[in-house]
Amino acid sequence: MGSGNGGREPRLQPVTRFGPGRRNRSPPAREEAHAMSPRTIIRSVRWTVRPDEEAGAPKAPLYHAECTTCHDTSETSEGDRIGPELWALFHVGKNPSHRSFRAISTAFWRVTPADADGVADPATS
Ligand SMILES: [Zn+2]
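Residues 407 to 531 (our numbering) are what the sequence shown spells out, left to right.
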């Protein structure tokens with residue numbers, strides 16, 4: 407007889423395998439765990455941090471100074487802080503109330519796999 411919905415079959419509701427209506431909340435069986443994509447596995451790799459000695463990297467730390475009153479800055483000096491220190495002294499000479507400076511040193515590091523044979527560098531853009 408008529409089902410009251412115009413003769414159409416009742417719609418089936420999608421079933422979520424581990425959805426909220428699941429009665430058994432134990433972990434998935436071993437076979438189900440193996441059904442996961444192998445792309446979800448991440449290899450563990452040790453990395454090291456060391457001074458960057460690649461071509462183009464500065465061979466020594468970079469130094470410069472900044473006046474904390476007017477934010478004027480010195481030239482940047484590679485491996486020698488004498489230039490920024492002299493700049494600070496001359497800056498005080500011209501601006502006697504500017505007596506506080508921020509000394510900034512910058513070093514460059516490179517992070518590489520500890521076992522370089524095991525990990526290829528990814529392509530860079
Ligand atoms: Zn200043």
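All C-beta atoms, glycine included, are put in the ideal place defined by N, C-alpha and C.
- Can you give me the Cβ contacts of residue 484 inside the same chain, cut-off strictly under 6 Å, excluding the 5 residues immediately before and after it? 464, 466, 468
- Return the chain-ordered list of same chain residues with a C-beta closer than 6 Å to the C-beta of residue 409, the five sequence neighbours on each side being excluded. With a pLDDT of 40 at residue 409, under the threshold of 50, the modelled position of this residue cannot be trusted; read the value that follows with caution. So the list is empty, once near-sequence residues are dropped.
- Message: Can you tell me whether residue 519 is helix, strand or coil according to DSSP?
- Response: strand
- Message: Once the 5 residues before and after residue 516 are set aside, which same chain residues still bring their CB inside 7 Å of it?
- Response: 456, 458, 460
- Query: In the structure shown, what three-state DSSP assignment does residue 512 receive?
  - Reply: strand
- Grouping DSSP H, G and I as helix and E and B as strand, with all else coil, what is residue 497? helix
- With ligand 1 as the reference, list in chain order each residue whose Cβ lies under 6 Å from any of its heavy atoms. 473, 475, 476, 478, 497, 501, 504
- Going by alpha carbons, who is nearest to residue 508 out of 475, 499, 454? 475
- Query: Which residues in the same chain as residue 452 place their Cβ atom closer than 6 Å to its Cβ, once the five residues preceding and following it in sequence are excluded?
  - Reply: 520
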